[in-house]
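Undergrad:
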Amino acid sequence: MHDRKPVESWLTDMDGVLVHEGQPVPGAPEFINRLRSSGKPFLVLTNNSIYTPRDLTARLSRMGLDVPEESIWSSALATGQFLADQRPGGTAYVIGEAGLTTALHAVGYVLTDFAPDYVVLGETRTYSFEAITKAVRLINDGARFICTNPDVTGPSVEGALPAAGSVAAMISKATGVEPYFVGKPNPMMMRSALNTINAHSESTAMIGDRMDTDILCGLEAGLETILVLTGISSRTEAERYPYRPSRIINSVADLLDEV
Numbered sequence: 001m002h003d004r005k006p007v008e009s010w011l012t013d014m015d016g017v018l019v020h021e022g023q024p025v026p027g028a029p030e031f032i033n034r035l036r037s038s039g040k041p042f043l044v045l046t047n048n049s050i051y052t053p054r055d056l057t058a059r060l061s062r063m064g065l066d067v068p069e070e071s072i073w074s075s076a077l078a079t080g081q082f083l084a085d086q087r088p089g090g091t092a093y094v095i096g097e098a099g100l101t102t103a104l105h106a107v108g109y110v111l112t113d114f115a116p117d118y119v120v121l122g123e124t125r126t127y128s129f130e131a132i133t134k135a136v137r138l139i140n141d142g143a144r145f146i147c148t149n150p151d152v153t154g155p156s157v158e159g160a161l162p163a164a165g166s167v168a169a170m171i172s173k174a175t176g177v178e179p180y181f182v183g184k185p186n187p188m189m190m191r192s193a194l195n196t197i198n199a200h201s202e203s204t205a206m207i208g209d210r211m212d213t214d215i216l217c218g219l220e221a222g223l224e225t226i227l228v229l230t231g232i233s234s235r236t237e238a239e240r241y242p243y244r245p246s247r248i249i250n251s252v253a254d255l256l257d258e259v
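Right under this line is the structure:
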């Protein structure tokens, strides 16, 4: 690994890094507090498009993590920014929850099922067969297909749930059209996050718990990448990938002295 500039900005995944199964990871509240008091720019990233930043701030607060709204960056916000850049003032048929619809409204998009520019698929607790059928027909009629993130499953107390990536695969099978995925591991998610806090890739670190999303995304965006072992990927699994994180640590508690 070549020598990098000192870390001046931080990006961190949320699930598996700061929280795990509804509980804060040991050291995570202190890490966030240290980030805030340091004055260094930081963002908490999530591929989950269900919640607005305000929702996530409240959820994290209940777990003892004091993260302000402006320090949260979701695949829904990245999708809204992407669409605003690509086709300002456009229209979209959306399958998703408040996190996604709020993000699209905020960039001036009109949500409609009448000849929309885009079909935008995000996460939702209740995927409707009727809504999926509508999406298939609109794509067949020429709407462009966007998906907030490629995750095929999501966690729940009862076990894995089908997520946006799985539903996107079903729509693709029915239409023959592949979606453009905005969220991780698309480096666009990282670049939009960097732009949001005016950070530079050569002096920013990405902390994540998944080799196939967080670490890959950070690597392709030119960031220092730090794998924590409090989530999905283990040290043994990390060795199986053709790319490596800059380093592997036990948890964010190991970074307290670096902030």
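Using full-length UniProt numbering, you'd call the opening residue of the sequence shown number 1 and step up by one each time.
Just so you know, even glycine gets a beta-carbon here, dropped at the ideal spot from N, CA and C.
Being a predicted model, the structure only gives us computed values, none of them experimental.
Identify whether residue 300 lies in helix, strand or coil by the three-state DSSP scheme.
TA: In the structure as shown, the chain begins at 1 and stops at 259. Residue 300 is therefore absent and cannot be evaluated.
Undergrad: Quick one: Cα of Met1 to Cα of Met14, how far?
TA: Note that Met1 has pLDDT 49, beneath the 50 cutoff, so the model's placement of it is unreliable and no number is given.
Undergrad: Quick one: grab the DSSP three-state call for Met1.
TA: Model confidence at Met1 stands at a pLDDT of 49, short of 50, so the residue's coordinates are unreliable; what they give is reported in the following sentence. In this structure, Met1 counts as coil in the three-state DSSP scheme.
Undergrad: For the alpha helix (DSSP H) containing Thr102, name the first residue and the last one.
TA: Thr102 -> alpha helix (DSSP H) spans Ala98 to Ala106.
Undergrad: To which residues of the same chain is Val182 closer than 8 Å at the C-beta, ignoring the five residues directly before and after it?
TA: The residues are Ser75, Ala78, Thr79, Phe82, Ile146, Cys147, Thr148, Asn149, Met188 and Met189.
Undergrad: Spell out the partners DSSP gives Gln23 in its beta bridges.
TA: According to DSSP, which records beta bridges pairwise, Gln23 is partnered with His20.
Undergrad: If I measure Cβ to Cβ from His200 and keep anything under 6 Å in the same chain, skipping five residues before and after, which residues do I get?
TA: Contacts found: none.
Undergrad: Could you name the residues of the same chain whose beta carbon sits closer than 8 Å to that of Val259, not counting the 5 residues immediately before and after it, in chain order?
TA: If we look at Val259 and ignore the five residues flanking it on each side, its Cβ neighbours are Trp10, Phe31, Arg34, Leu35, Ser38 and Lys40.
Undergrad: Since Glu224 is in the beta strand (DSSP E), which residue starts that stretch and which ends it?
TA: Unbroken beta strand (DSSP E) run through Glu224: Glu224 to Val228.
Undergrad: Put Phe114 into one of helix, strand or coil per three-state DSSP.
TA: In the structure shown, Phe114 sits in coil (DSSP, three-state: anything other than H, G, I, E or B).
Undergrad: Taking Glu123 as the reference, which of Val252, Asn48, Arg210 and Gly208 has the closest Cα?
TA: Closest option to Glu123, Cα to Cα, is Asn48.
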